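So the protein sequences, as listed, match chains A and B. The numbering of the first sequence is our numbering, which starts it at 798 and goes up by one. The numbering of the second sequence is our numbering, which starts it at 798 and goes up by one. Note that beta-carbon positions come from the ideal geometry of N, C-alpha and C, so glycine has one too. Predicted model, so just to flag it, every value in this text is computed and none were measured.
Protein chains: 2
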Amino acid sequence: MRISTRGEYGVRAMLDLALHSSDEPVPLSAIAARQDISEHYLEQLISALRKAGLVISFRGAQGGYQLAKPAEEITIGDIIRTLEGPIAPMKCVEDSHAGCTQSERCATRVLWQKLQASIEEVLENTTLAWLKDKARKIQATAANQR
Amino acid sequence: MRISTRGEYGVRAMLDLALHSSDEPVPLSAIAARQDISEHYLEQLISALRKAGLVISFRGAQGGYQLAKPAEEITIGDIIRTLEGPIAPMKCVEDSHAGCTQSERCATRVLWQKLQASIEEVLENTTLAWLKDKARKIQATAANQR
DNA sequence: ACCAATTCCGAGGAACTTGGTCGGGATTGC
DNA sequence: GCAATCCCGACCAAGTTCCTCGGAATTGGT
């Protein structure tokens, strides 16, 4: 019942992009250094995010990455689904896999569907903008305490 | 983001016990056959459930297993936690692991905590009795359609 | 007293997943 | 032309999952 580092690093990288965005693209090396993630590994992840249309890339010198859409329009669910596959706690609820033969199994399927709905509700309704705002606020209170 | 077969089989086995209980204990072989689960594998799982106080066992001939408590008092969360470990989508929210150094990471931590709360809400508020009832109802409607 | 049914226990192992590394090619600003 | 940077595919070590196997201990029925 864990989200792997793919999802974790992916969310961190996207938040990093949201926080450090300007007109100039952010090179992978900068994200990797700030987030303390292996550059080569992060490359694989961000490549998937690019193919999913969540970030855009600029090649060559002074190149890098930017969010493909405003942070308000990117949900955590988008990121997790891209990097971890379908959000489903069990194979049998992955898509509209119908048809249980046993009534007992159908009953447990209803349970897993409830669980899936609850997970999706959080992940689809939390945007990168919310996370960015949260990070800013935490940073502000930490600064006040100093 | 998947529940492994340990959790899946565990819930199925507990539901099986809830449905086929009487004064006589149910032998492992019967559960394994009905649920189509490897007997040796299921043995490991039910052993953990016993140690967690969710089932009781009777050794020797005519032995077997029974629920240790009424189905109303056993939650799916109890079963999953026993077989899969703490319900936490991320290490950093496993218990009261405090202290993020980076404000950005703290922000993602809040996210994972929201997710964890949502998952727990479902698993802790769903009892084996609910599942049993669901299975009975599904069975009834299936019988009507015949 | 014995036997069959059954739980209990620990070791082992194949297949898959995770979390990377490595090397090199393609593109582009300066 | 050169340095920075993205792009791509192959590879690999360690861990996890999902079991299997063999045997010891317990107990009801005969």
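| Query | Result |
| --- | --- |
| Contiguous alpha helix (DSSP H) assignments of at least 4 residues, all confined to the segment 866 to 896 of chain B | 873 to 881 |
| Chain-ordered neighbours of Pro886/B on chain A, where CB pairs are closer than 8 Å | Met798, Arg799, Ile800 |
| DSSP-derived helix/strand/coil call for Thr923/B | coil |
| Residue-chain proximity (Glu870/A, chain B), Cβ-Cβ < 8 Å | no |
| Chain A residues whose Cβ lies nearer than 7 Å to that of Ala939/B | Ser900 |
| N- and C-terminal bounds of the alpha helix (DSSP H) containing Ile800/A | Looking at the DSSP string, Ile800/A is not in any alpha helix (DSSP H), and its letter there is neither H nor E. |
| Gln899/A (DSSP reduced to helix, strand or coil) | coil |
| Within chain B, partners of Ile843/A - CB distance below 7 Å | Under the 7 Å cutoff, chain B gives no residues; its nearest Cβ is about 17 Å from Ile843/A. |
| Inter-stretch contact (C-beta, 8 Å, three-pair minimum) for the segment 842 to 851 of chain B and the segment 869 to 880 of chain B | yes |
| Among Leu839/A, Arg933/A, Gln942/A, Trp927/A, the one whose alpha carbon lies nearest that of Pro867/A | Trp927/A |
| Top-ranked residue by Cα proximity to Asp816/A, from Glu805/A, Gly804/A, Gln832/A, Cys903/A | Here residue 816/A turns out to be Leu, not Asp, going by the sequence shown. Nearest option by C-alpha distance: Gln832/A. |
| Against chain B: residues of the segment 850 to 862 of chain A by CB proximity under 7 Å | none |
| Cβ neighbour criterion (16 or more within 10 Å) applied to Gly804/B | buried |
| Rounded separation between Ala945/B and Asp813/B - CA only | What is shown of chain B runs 798 to 943, which leaves residue 945/B out entirely. |
| Straight-line Cα distance separating Ile871/B from Ile916/A | 22 Å |
| Within-8 Å CB hit, Gln936/B to chain A | yes |
| Nearest neighbour of Ser844/A, chosen from Gln859/A, Ala865/A, Ala830/A [CA to CA] | Ala865/A |
| Buried/exposed call for Arg809/A, threshold 16 Cβ in 10 Å | buried |
| Under 7 Å from the C-beta of Leu825/B: neighbouring residues of chain A | Simply none; closest approach about 17 Å. |
| Simplified DSSP assignment, three categories, for Leu864/B | strand |
| For Ile828/A, the first and last residue of its enclosing alpha helix (DSSP H) | 825 to 832 |
| Beta-carbon proximity check, Ala885/A vs Ser900/B, cutoff 8 Å | no |
| Listed by chain order, chain A residues near Glu840/B by CB distance under 7 Å | Result: empty, since nearest Cβ-Cβ is about 20 Å, beyond 7 Å. |
| Within-8 Å CB hit, Ala810/A to chain B | no |
| For Ser844/B, the three-state DSSP class (helix, strand or coil) | helix |
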